[in-house]
Amino acid sequence: MPGDMTRLVSSEENKDLPLSSYNTLGSDSDISRSPNESGFMVNKRAMYEPGAVMVCSQKRACCVVSMGFAAIIAVALIVAFTKPATNGEEFPWTDVRLPFHVRPLYYNISLHPNLTTRHVEGHVTIKLTAIEETTAIIIHGHDLNITDYSLNKKYGKPIEILKFLVYPPHQQLYLGLNEILRRGSNYTLRLKYKTTLKEGLEGFYLSSYINADGERRYLATTHFEPTSARAAFPCFDEPHMKAQFFLSLVREPQHIALFNMPLQDSVPLQDTGLVMDSFEESKIMSTYLVAFVVCDYKSVSNMTRHNISLSVYAPPTMIDQAGYALQVASHIFDFYQDFFGIKYPLPKQDLIAIPDFGAGAMENWGLITYRETALMFDANHTSSWAQQGVAVVIAHELAHQWFGNLVTMSWWSDLWLNEGFASFMENIGTKAAQPGWAMEEQFLVDKMQPALALDALLASHPISTPVKDPAQIESIFDTISYKKGASIISMLESFIGHKMLAEGLQLYLRENEFGNAATDDLWAALTKVTKKHNNELDIKGIMDTWTLQAGFPLVSVTLQDGHILATQARFVVCEENVTDPNEPLNTTIGYRWHVPLTYITSEQPHEQAMHWMNLSDVEFEVGKDVKWVKFNVGQRGFFRVSYDAAGWAGLISLLRNNHTALSSADRANLVDDIFTLVKAGTINGSLALELSLYLKNETRYIPWHTALEHLFQWVRLLFNYPAHTQMLQYIHTLIIPHYKRIGWNNTGTHLERLLRSKILSAAVYCGDTHAIQEAKRMFHDWRINGTFIHPNLRAVVYRTGVRYGTEEDWRHCWKVYNTSTIPSEKKLMLKAMAQTQNPWLMQQFLEYTLDSTKIRQQDVLTVLQEVSKNPSGRFPAWRMVRQHWAQISRQFGQGSFTIGSIIKAVTSTFTSAFDLGEVESFFKDVSVGSGERALAQALETIRLHIQWHEHNLDDVSHWLNQRVTPAKTQVEVDPQ
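Under this note's numbering, read the sequence shown as residues 10 to 985, first letter to last.
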């Protein structure tokens with residue numbers, strides 16, 4: 010299919026014209042004329058012979074040749090900068106963004122998707138208003154076969170369309186008109202088209218599941234964010250082009266249809282056996298939030314306290330797992346309505362599980378789509394960790410109903426206004442539904458620490474960053490937009506207070522509801538609120554330093570005789586590649602920040618104080634009797650702290666002797682900072698190990714989560730060195746007291762159960778004989794006798810069973826994966842099978858990712874990540890991706906953020922210059938589309954690993970030699 014269409018159809022002729030009919034070469038007889046018949050085919054020598062018909066001097070000939078070359082170059086330049094449409098004509102509009110000449114007011118969409126043939130027939134009527142006078146309309150369309158089009162004035166009088174062009178690279182359609190559209194006047198554009206249900210995970214696509222009888226059942230669903238609505242219907246597919254939507258959809262009687270709005274009417278279509286559903290008109294919204302599904306699902310429903318109809322839809326085989334989602338969603342939904350102070354404007358909210366789904370979920374207004382693992386919960390089969398995942402994702406998507414849907418960012422450059430706030434609110438919303446889960450503490454390990462890790466790379470980007478085309482837009486759906494965005498809002502809350510933040514958010518929503526906003530609109534609303542409370546903080550000035558430049562500061566502090574000196578400079582972990590590709594958007598900032606520097610001291614451990622570092626360093630007094638100072642209290646600030654030698658010594662001594670004098674958040678913060686500073690080469694690795702000795706007495710989940718992430722990263726970095734075994738044994742000495750204390754019984758609070766999973770896994774990974782034997786015993790009893798394993802123990806049991814098991818054990822897990830109706834169980838099976846040490850099974854598992862009938866496209870990334878973490882799978886996974894890159898690139902599309910994640914997955918464990926050279930060599934001539942930034946981050950990460958060896962290998966090896974007696978046998982697997 011050439012570009013977006015196989016045919017273009019004139020509205021006047023109303024018949025199909027193949028693209029080949031636009032051939033400009035002429036007839037066959039013209040093309041096949043022999044050289045002797047052409048007056049232009051002459052003997053070259055004759056041109057230089059006296060008396061010949063064509064004679065010129067050699068000098069003149071050189072001049073002619075030079076002019077010919079110049080003409081060729083000119084033509085090449087014209088071709089290079091001309092944007093030809095599918096019929097060869099120049100496309101008049103050159104920008105990937107649409108012009109502002111017209112804007113839509115209303116869409117009336119009629120669709121008939123055939124789930125058997127996959128054909129889709131569509132008709133869209135768009136009511137437009139002219140913003141400026143124009144003789145053209147440019148609209149988005151992608152992979153749509155337009156079969157008819159017309160434009161009418163207000164009272165039905167037609168406007169002749171002189172030209173209809175398609176430009177696939179920009180996914181744009183051009184309609185050239187024979188008269189001017191007048192500013193302020195309304196017009197009606199009608200387009201008929203045909204398309205097909207896609208097999209990917211974007212646009213209007215086909216998904217399927219296996220029913221209780223073993224039959225495959227199909228459904229048609231959508232995923233439009235950020236730029237795929239144009240693949241389902243012609244539209245103005247930019248977030249500021251908001252409009253209302255009306256949908257009519259033709260379906261088979263055994264199916265149901267769902268839309269953003271409730272069903273209005275169902276009418277049988279005579280003599281067809283089909284049904285046409287019509288839905289209520291939507292509120293004004295962006296195209297990427299439109300959603301519709303055709304399926305044969307069941308549902309459970311209730312009414313919220315605010316009288317909103319809430320429903321969860323799932324395949325019949327899974328509907329009994331929908332109760333928890335309904336319960337949690339109801340609680341969080343009511344909480345948000347009170348928190349935001351604005352009534353949810355739609356009459357219903359549906360949540361639906363989609364078998365094939367690329368993202369975790371999508372916040373379509375009134376019809377939120379989810380991965381099955383993000384919505385389904387079975388108390389007998391789903392772990393506490395997976396249960397928390399369901400609640401958090403529901404809280405995230407429901408927050409979007411206000412942040413993103415009611416108020417939408419004006420352009421994708423401010424994506425963080427959607428995703429950063431939803432990521433911030435998800436912890437608050439989950440806490441409202443599950444107050445015993447300590448979501449405030451978990452914010453550190455889920456948001457703050459991952460964001461700091463990525464943002465320390467030079468290949469990071471500012472929170473607010475310019476983007477234009479779909480690939481660039483996809484590339485910023487990342488940790489920076491989501492988790493750094495959430496983290497700086499948390500930091501803002503820490504210095505203006507929760508109440509003032511909530512009041513400012515309410516004002517922001519009220520002032521911009523049903524419209525679009527930019528980052529400055531948020532700062533303006535918060536400034537109004539702070540001034541009302543006599544707080545003169547320059548919110549915009551402070552926060553611009555965090556949103557308009559990449560990275561964050563390292564605050565270096567010294568304490569001498571009660572005097573503190575704190576300095577700031579951008580923190581970058583990798584010394585190589587000193588050229589910074591991300592100059593601040595506001596060049597007057599110059600990588601300086603307004604830092605809220607909080608601290609507690611040995612003299613006042615429960616009284617937090619703060620000094621502002623306003624683009625500068627700061628000095629102040631804390632008292633000569635102070636023995637230690639802990640900065641960045643609770644790790645609420647988005648920065649790292651480096652202490653002088655005496656400062657680290659005081660804090661390490663405190664942790665060893667009385668670690669509970671600091672909160673668990675502060676303990677986790679110290680672990681995170683010191684190990685990261687070792688990574689950057691600013692302090693010795695032995696100092697981090699000295700601090701980690703206190704973990705023998707640590708009993709809280711958050712510090713252990715942080716510590717194990719860093720400790721096992723060192724295990725991977727030491728894999729090819731003698732210190733690898735000693736590092737595993739050292740970790741074992743830290744966890745063994747807790748392994749004995751915690752045991753294998755599923756008891757305790759939510760956080761204690763999460764900690765048990767971490768400690769048991771770590772014990773197995775460190776080669777603890779008792780832990781390995783216990784996990785193998787439980788796996789054997791489960792496989793042979795069907796003995797029940799508590800969901801919180803299954804991850805470590807399944808993985809250990811496969812790692813130390815036989816081919817039959819692996820095959821059993823493959824069978825469970827293919828037959829289970831529990832989404833969380835299927836995911837555990839994928840992760841367990843990646844632990845095999847059998848090279849043939851591992852290669853087979855990798856090959857399965859190329860066959861969507863074996864492993865769904867949505868799960869390919871999970872398999873590649875897990876296999877790459879297995880030391881035996883690192884190079885097979887990398888080899889497979891290289892070998893099948895063309896298929897992988899085609900399967901996921903260069904506009905998908907999955908491409909970048911795959912690149913990171915198969916290269917993140919590489920640690921040598923040879924590995925770096927291989928990755929650079931392979932991707933040198935390969936287009937990665939939206940994965941360009943992810944590739945840069947992956948390469949920088951490998952350089953960072955090489956740097957770690959240069960700075961730390963000798964020091965860490967020496968410390969381990971001094972402290973650890975080599976074990977007789979050790980093994981390594983990945984702790985994730």
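Note that beta-carbon positions come from the ideal geometry of N, C-alpha and C, so glycine has one too.
{"Query": "Asp359 classed as buried or exposed, judged by whether at least 16 other C-beta atoms fall within 10 angstroms", "Result": "buried"}
{"Query": "Short Cβ contact (8 Å threshold) for Leu3 with Ala841", "Result": "Coverage of the chain is limited to positions 10 through 985, which leaves residue 3 absent and any answer about it impossible."}
{"Query": "Same chain only: Cβ atoms within 6 Å of Gln320, ignoring 5 sequence neighbours per side", "Result": "According to the sequence as given, residue 320 is Ser; it is not Gln. Excluding sequence neighbours, Ser320 sits near Ser308, Ser310 and Asp359."}
{"Query": "Same chain only: Cβ atoms within 7 Å of Pro614, ignoring 5 sequence neighbours per side", "Result": "Ala670"}
{"Query": "Buried or exposed by the 16-neighbour rule on C-beta atoms within 10 Å, applied to Met619", "Result": "exposed"}
{"Query": "Residues near Gln346 by beta carbon distance below 7 Å, same chain, minus five either side", "Result": "His315, Lys352 and Tyr353"}
{"Query": "Distance, Ala404 Cα to His340 Cα", "Result": "10 Å"}
{"Query": "Integer Cβ distance of Tyr183 from Ala145, believed to fall under 8 Å", "Result": "6 Å"}
{"Query": "Under the three-state DSSP convention, the category Gln458 falls into", "Result": "helix"}
{"Query": "Distance between Tyr164 and Gly185 (C-alpha atoms, nearest Å)", "Result": "21 Å"}
{"Query": "C-beta contact flag for Pro1008 and Phe728 at 8 Å", "Result": "It is not possible to answer for residue 1008, since the shown part of the chain is limited to 10 through 985."}
{"Query": "C-alpha gap between Asn678 and Thr539, whole angstroms", "Result": "29 Å"}
{"Query": "Own chain, CB closer than 7 Å to Ile81, minus 5 neighbours either side, in chain order", "Result": "Residue placement at Ile81 is poorly supported in this model, since its pLDDT is 45, which falls under 50; the coordinates still yield a value, given next. Once the five neighbours on either side are set aside, Ile81 has no close Cβ partner at all."}
{"Query": "Contacting residues, own chain, Cβ-Cβ under 8 Å from Leu160 (five flanking each side not counted)", "Result": "Ile146, Pro167, Ile168, Ile170, Leu184, Leu186, Tyr196, Thr197, Leu198 and Arg199"}
{"Query": "When Val724, Gln569 and Asp305 are compared against Val965, the one with the closest alpha-carbon", "Result": "Val724"}
{"Query": "8 Å Cβ cutoff met for Thr230 and Tyr218", "Result": "no"}
{"Query": "Ser308: first and last residue of the uninterrupted beta strand (DSSP E) it sits in", "Result": "Lys307 to Met312"}
{"Query": "Nearest neighbour of His128, chosen from Trp532, Arg260 and Pro248 [CA to CA]", "Result": "Arg260"}
{"Query": "Runs of alpha helix (DSSP H) lying entirely within the stretch 488 to 559, each at least 4 residues, in chain order", "Result": "494 to 505, 507 to 521, 528 to 541 and 548 to 556"}
{"Query": "Residue burial classification, Val805 (beta-carbon count within 10 angstroms, cutoff 16)", "Result": "buried"}
{"Query": "As assigned by DSSP and simplified to three states, the class of Met622", "Result": "strand"}
{"Query": "Contiguous alpha helix (DSSP H) assignments of at least 4 residues, all confined to the stretch 921 to 979", "Result": "922 to 932 and 941 to 972"}
{"Query": "Contacts around Ser119, its chain only, beta-carbon distance under 7 Å, and the 5 residues preceding and following it disregarded", "Result": "Gly131, His132 and Ser257"}
{"Query": "Per DSSP, cross-strand counterpart(s) of Asp157", "Result": "Lys201"}
{"Query": "Cβ neighbour criterion (16 or more within 10 Å) applied to Val928", "Result": "buried"}
{"Query": "Contact set for Tyr703: own chain, Cβ-Cβ below 6 Å, skip 5 residues either direction", "Result": "Leu664, Arg665 and His668"}
{"Query": "Identified DSSP bridge partners for Cys775", "Result": "Cys775 pairs with nothing; no bridge assigned."}
{"Query": "Same chain, Cβ closer than 7 Å to Phe386, five either side skipped, listed in chain order", "Result": "Gln330, Tyr333, Ala334, Gln396 and Val399"}
{"Query": "Reduced DSSP secondary structure (H/G/I, E/B, other) of Ser41", "Result": "Reliability fails at Ser41, whose pLDDT of 34 lies under 50, so the model's placement of it is uncertain and the value that follows must be treated cautiously. Coil at Ser41, not helix or strand."}
{"Query": "8 Å Cβ shell around Leu944 - same chain, five flanking residues per side excluded", "Result": "Gly909, Ile912, Phe932 and Val937"}
{"Query": "Cβ-Cβ separation, Ser490 to Gly560 (assumed contact under 8 Å), whole Å", "Result": "Their Cβ separation, rounded to whole angstroms, is 15 Å, which puts Gly560 and Ser490 out of contact at 8 Å."}
{"Query": "Pairwise C-alpha distance: Thr474 and Ser499", "Result": "20 Å"}
{"Query": "Three-pair Cβ contact test at 8 Å for the stretch 500 to 513 versus the stretch 469 to 485", "Result": "no"}
{"Query": "Cβ neighbour criterion (16 or more within 10 Å) applied to Thr918", "Result": "buried"}
{"Query": "Segments assigned beta strand (DSSP E), at least 3 residues, entirely inside the stretch 365 to 453", "Result": "376 to 380 and 416 to 418"}
{"Query": "Asp682, DSSP secondary structure in three states", "Result": "helix"}
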